[in-house]
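A.B. asks:
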Amino acid sequence: MTDIDSVHLKTVEQRLLWLSHWMIHHANHIRPNPDGIKVGGHQASSASMVSIMTALYFAALRPEDRVAVKPHAGPVFHAMQYLMGHLDRERMEAFRGFGGVQSYPSRTKDVDDVDFSTGSVGLGVAITSFASLVQDYIAAKDWGTELPLGRMVALVGDAELDEGNIYEALQEGWKNDLRNCWWIIDYNRQSLDGIVREGLFERVEKIFDAFGWDVVRVKYGALQRAAFEEPGGNALRDWIDACPNAEYSALTYQGGAVWRQRLMDDLGDQGDVTALIERRSDAELAALMENLGGNCVQTMADVFASIEHDRPTCFLAYTIKGWGTPIAGHKDNHGGLMTRAQMAEWQAHMGVPEGQEWERFAGVADAEGLRGFLDEVPFFARGVRRYTDDRLPAPAISGATDREISTQMAFGKILDGLAKGDSALVGRIVTTSPDVTGTTSLGPWVNRRKLFARTSRPDAFIEHRIPSTAKWEFTPKGQHIELGIAEMNLFLLLGAAGLSHSLFGKRLIPIGTVYDPFVHRGLDALNYASYQDARFIIAGTPSGVTLAPEGGAHQSVGTPLTGMAQDGLASFEPAFADELAVIMEWAFDYLQRDGEGDPDERTWLRDETGGSVYLRLTTKPLEQPGKRHDDAFRQGAIDGAYWLRPPGPNCEVVIAYQGAVADEAIAAAGMIGGARRDVGVLAVTSADRLNAGWTAAQRERARGNTGAVAHVERLLAALPHECALVTAIDGHPATLGWLGAVAGHRTIPHGVEHFGQTGTIGDLYRHFRIDRHALAASVQGLTSGAPVL
1 MTDIDSVHLK TVEQRLLWLS HWMIHHANHI RPNPDGIKVG GHQASSASMV SIMTALYFAA
61 LRPEDRVAVK PHAGPVFHAM QYLMGHLDRE RMEAFRGFGG VQSYPSRTKD VDDVDFSTGS
121 VGLGVAITSF ASLVQDYIAA KDWGTELPLG RMVALVGDAE LDEGNIYEAL QEGWKNDLRN
181 CWWIIDYNRQ SLDGIVREGL FERVEKIFDA FGWDVVRVKY GALQRAAFEE PGGNALRDWI
241 DACPNAEYSA LTYQGGAVWR QRLMDDLGDQ GDVTALIERR SDAELAALME NLGGNCVQTM
301 ADVFASIEHD RPTCFLAYTI KGWGTPIAGH KDNHGGLMTR AQMAEWQAHM GVPEGQEWER
361 FAGVADAEGL RGFLDEVPFF ARGVRRYTDD RLPAPAISGA TDREISTQMA FGKILDGLAK
421 GDSALVGRIV TTSPDVTGTT SLGPWVNRRK LFARTSRPDA FIEHRIPSTA KWEFTPKGQH
481 IELGIAEMNL FLLLGAAGLS HSLFGKRLIP IGTVYDPFVH RGLDALNYAS YQDARFIIAG
541 TPSGVTLAPE GGAHQSVGTP LTGMAQDGLA SFEPAFADEL AVIMEWAFDY LQRDGEGDPD
601 ERTWLRDETG GSVYLRLTTK PLEQPGKRHD DAFRQGAIDG AYWLRPPGPN CEVVIAYQGA
661 VADEAIAAAG MIGGARRDVG VLAVTSADRL NAGWTAAQRE RARGNTGAVA HVERLLAALP
721 HECALVTAID GHPATLGWLG AVAGHRTIPH GVEHFGQTGT IGDLYRHFRI DRHALAASVQ
781 GLTSGAPVL
């Protein structure tokens, strides 16, 4: 880097510092605030990252690199995009407002070039390691060999290191020979509630070293290193190293005169050190003491340039929180904001003329030279780096033909059948599981398609001719990534793989499996992946109290409600193998859609936008209904429900069920058939899609489209008003309890509301009243007529 480039780099740093802080100030102190509450924006957290981000983006990165920005440094990221001309002033002025740039970088809500959404601390850090793994996976395939390998970079707040998922990801990275991954820690030693403990850096370094990372400590800036070379410099360095974090922060906030007094009190009788201090004005002394490595743009650029290998690297960059601003070092600055008076004084200090606050090059002496420098920055050379890939035709899927089969077993057979084929889509499927591959029926797929590793590893059991159902051969061509028991890692990997078409221009079809109760264990990462619009299939299996012998710890209750509530995720719970086949064939196409979100007037669902899919499955074998090919069944399974037994014109009772209790619902219908007229049985495959279509149709009618009718409304429209509904699910009863509100029918919902226990399926069904006799008893109590029991 030339001296002129270094000057421009410093100018960029100062421009980003100003623009990010002015954007926050404008949102809090200038823009009308009808709510009367603080808007916020994290000025101090942005300031501590500005030198690191300047050096990274404007000197180190290439277009193939991807970055997860520390959530609280989002304003610097947006200021950078604005400086480059990629973001308009209107959105900057609307920071944290409707239609403006988001509080934290968002792939789906921001218009600028966000690589990874961040906000839930720790997750943005960890996903970079899984993105690197996905990049290696793609590069190892015949269709991905031309992929340029980039670095997956996380800008990490030091408080994010408190998040447990960080360490789960570190271990998984070590197991998968992680490379091309940088984590840059903003070690400002301050968090929301106070100063971090002394000596944390030593623990951090040991942890990263244990998992095979290179650790680069960046403690001193160029001014400090130069001062250390002066007579007395060693004593100054020793004092800096020994100064407690809280003390250093307090001295920083108080400024140069207090720095001078303290240093003279502690070091002033040592001749050379006294001279070193006295050669500097108060302002120069403050600049020296605040010139930590992470706040020195040239130091950070030089450090980044020195890394010429692909080993995972952790940079521990010492910074001052609020660096370069009037609130630097104050322990309350995390949520604090500069006052109007402080901003006015700081504006003069920054050399920004009044009225030019939003000007990209305000106060820049060599604006033309800076423009030329920005035009040559490699990272921005290709413009917005949002890629895509061709949609892959979904192969026809046939359901299992077994007379009795569980949906989990049918799922495994479907994947095994696909593994035997050679369609383009099958070649892009990547499966993964947190140490439950065999027990979630992925084994046959893995045996055929093998496990992924960058270097081949044979299966010792095969070599020694020891019989085993699992033929686990690791190879670069493998299509299964085996994970340890950490559900957060599962969803982070699904998130990274589900963004591959956008990040790398190569589409993957990720499929994960997990025991259904542990969907909630990884729920934060599932929500994070969905928020980024990652595309994947997750099968939660086994589910419910139907997993009877395992007891309450392994019996899921609330996951059907999670499936309904989670945005970006279409949730299904089929009962029969043919339903699952129809849903999976649809899902393979749904994952690849990227439309504008216009609702389908048949269902009022936004199916053109696409999304991810959650399958709640079971190990309970059910007798299958036989071959069904009618369009009503196929479309109904996708839309959320169909009539397994259509109601007659004088229907008195409808039993609606979802999932594994299908046999109980069908049996109950048979039990009451002689005592109640025209009984109907409604097979619900997706309460999620039924409910979403219903609420969407209501919104459409509220907008004036009186002809909007949802799928569930059409299904229930012919029922007499006095007809009663009884619903059943091996899950929370609220999943289906709302059905009565669609057309005003009396409803009794059956389900599970409390933790389960061990027993037989029959024991637990009776205990929770989701068995056939309990359903029939509800019919007896809800309707009049002859006894049904």
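So the sequence shown is residues 1 to 789, counted in the numbering used here.
Note that CB positions come from ideal geometry on N, CA and C, so glycine has one too.
For clarity, every value in this text was computed on a predicted model and none was experimentally measured.
Under the rule that 16 or more other beta-carbon atoms within 10 Å means buried, what is Q347, buried or exposed?
C.D. replies: So Q347 ends up on the buried side.
A.B. asks: Return the Cβ separation of Q14 and M289 in integer angstroms, given the expectation that the two are a contact with Cβ distance under 8 Å.
C.D. replies: Rounded, the Cβ-Cβ distance is 19 Å, inconsistent with contact.
A.B. asks: State the CB to CB distance for the pair G116 and R151, rounded to an integer number of angstroms; the pair is presumed to be in contact (CB under 8 Å).
C.D. replies: Here residue 116 is Phe; the residue named in the question, Gly, does not match the sequence. The Cβ separation is near 13 Å, so there is no contact.
A.B. asks: Does the beta-carbon distance from K70 to T108 come in below 8 Å?
C.D. replies: In this structure, T108 does not lie closer than 8 Å to K70 by Cβ.
A.B. asks: Consult DSSP for E482 and reduce its assignment to one of helix, strand or coil.
C.D. replies: The answer is strand: DSSP assigns E482 an E or B state.
A.B. asks: Which whole runs of the beta strand (DSSP E) in the stretch 61-87 are 3 residues long or more, in chain order?
C.D. replies: Those beta strand (DSSP E) runs which fall completely within the stretch 61-87 and span 3+ residues are 66-68.
A.B. asks: Measure the Cβ-Cβ separation of V156 and V134 and say whether it is below 8 Å.
C.D. replies: In this structure, V134 does not lie closer than 8 Å to V156 by Cβ.
A.B. asks: Kindly indicate which three-state DSSP category L147 falls into: helix, strand or coil?
C.D. replies: Correct three-state label for L147: coil.
A.B. asks: Return the CA-CA distance between T455 and D136, expressed in angstroms with no decimal places.
C.D. replies: So the two alpha carbons sit approximately 11 Å from each other.
A.B. asks: How far does the alpha helix (DSSP H) with H25 in it extend, from its first residue to its last?
C.D. replies: Its alpha helix (DSSP H) spans residues D3 to H25.
A.B. asks: In whole angstroms, what is the alpha-carbon distance linking W18 and P378?
C.D. replies: In a straight line, the C-alpha of W18 is about 23 Å away from that of P378.
A.B. asks: Quick check: the Cα distance between D193 and S120, rounded to an integer number of angstroms?
C.D. replies: Caution applies to D193, whose pLDDT of 49 falls short of 50 and renders its modelled position unreliable; the value that the coordinates give is listed next. C-alpha separation (whole angstroms): 17 Å.
A.B. asks: Between the C-alpha atoms of L251 and W358, what's the straight-line distance to the nearest angstrom?
C.D. replies: Using only the alpha carbons, I get a separation of about 32 Å.
A.B. asks: Give every residue of the same chain whose Cβ lies closer than 7 Å to the Cβ of I127, excluding the five residues on either side of it in the sequence, and list them in chain order.
C.D. replies: Contacts found: A68, F116, L492, G495 and A496.
A.B. asks: Output needed for V654: all residues of its chain with C-beta closer than 7 Å, excluding positions within five of it in sequence on either side, in chain order.
C.D. replies: Here the set comprises P647, G680, L682, L719, C723 and L725.
A.B. asks: Report whether the distance from the Cβ of H349 to the nearest heavy atom of the ligand ADP is below 7 Å.
C.D. replies: Among the components of this structure there are no ligands whatsoever, and the ligand ADP is therefore not found.
A.B. asks: Nearest CA to the CA of A325: which residue from I538, G673 and V50?
C.D. replies: The residue asked about is misnamed: residue 325 is Thr in this sequence, not Ala. Per the Cα distances, V50.
A.B. asks: Tell me whether V76 is buried or exposed, calling it buried when 16 or more other Cβ atoms sit within 10 Å of its Cβ.
C.D. replies: V76 comes out buried.
A.B. asks: If G85 sits next to P105, beta carbons under 8 Å apart, how far is it from one beta carbon to the other, in whole angstroms?
C.D. replies: Not quite, the Cβ-Cβ distance comes to about 18 Å (not below 8 Å), so this is no contact.
A.B. asks: Can at least three beta-carbon pairs, one atom from the stretch 579-595 and one from the stretch 414-432, be found at a separation below 8 Å?
C.D. replies: In short, these stretches touch, since the Cβ pair count reaches three.
A.B. asks: Report all residues from its chain with a CB closer than 7 Å to the CB of D272; omit the five preceding and five following residues, and keep chain order.
C.D. replies: Within the same chain, D272 has close Cβ partners P231 and G232.
A.B. asks: Give me the Cα-Cα distance between A668 and K620, rounded to the nearest whole angstrom.
C.D. replies: In a straight line, the C-alpha of A668 is about 18 Å away from that of K620.
A.B. asks: Can the beta-carbon of Q757 be found less than 8 Å from the beta-carbon of T618?
C.D. replies: Taking 8 Å as the Cβ cut-off, Q757 and T618 do not qualify as a contacting pair.
A.B. asks: Can you check whether the CB of A27 is closer than 8 Å to the CB of F95?
C.D. replies: Cβ distance < 8 Å, so F95 and A27 count as in contact.
A.B. asks: Mapping DSSP to helix, strand and coil, what is E229?
C.D. replies: Three-state result, E229: coil.
A.B. asks: Which stretch, first to last residue, makes up the beta strand (DSSP E) that contains G443?
C.D. replies: Note, G443: premise wrong, no beta strand (DSSP E); alpha helix (DSSP H) at G443 to R449.
A.B. asks: Report buried or exposed for N176, applying the criterion of at least 16 other Cβ atoms within 10 angstroms of its Cβ.
C.D. replies: Per the 10 Å Cβ criterion, buried.
A.B. asks: Can you name, in chain order, every residue of its own chain whose Cβ lies under 7 Å from the Cβ of T11, other than the five neighbours on each side?
C.D. replies: Answer for T11: V364 and L370, listed in chain order.
A.B. asks: Using the C-alpha atoms, what's the distance from A743 back to G636?
C.D. replies: Answer to the nearest angstrom: the Cα atoms are 19 Å apart.
A.B. asks: May I have the straight-line CA-CA distance separating L170 from L503, to the nearest angstrom?
C.D. replies: For L170 and L503, the distance between alpha carbons rounds to 22 Å.
A.B. asks: Looking at C-alpha atoms only, which residue of P599, D282, G399 and L569 is the closest neighbour of H629?
C.D. replies: Looking at the Cα atoms, G399 is the closest of the given residues.
A.B. asks: Taking the Cβ atom as the reference point for each residue, do D600 and T559 lie within a distance shorter than 8 Å?
C.D. replies: Cβ atoms of D600 and T559: not closer than 8 Å.
A.B. asks: When the Cα atoms are used, what is the spatial distance from A394 to A774?
C.D. replies: Approximately 42 Å, taken between the alpha carbons.
A.B. asks: Can you tell me the Cβ-Cβ gap for I429 and I509, rounded? I've got them flagged as a contact below 8 Å.
C.D. replies: That pair is a contact at about 5 Å.
A.B. asks: State buried or exposed for L716, treating a residue as buried only when at least 16 other CB atoms are found within 10 Å of its CB.
C.D. replies: Per the 10 Å Cβ criterion, buried.
A.B. asks: Going by C-alpha to C-alpha distance, which of S543, V613 and A577 sits closest to A565?
C.D. replies: The residue with the shortest Cα to Cα distance from A565 is V613.
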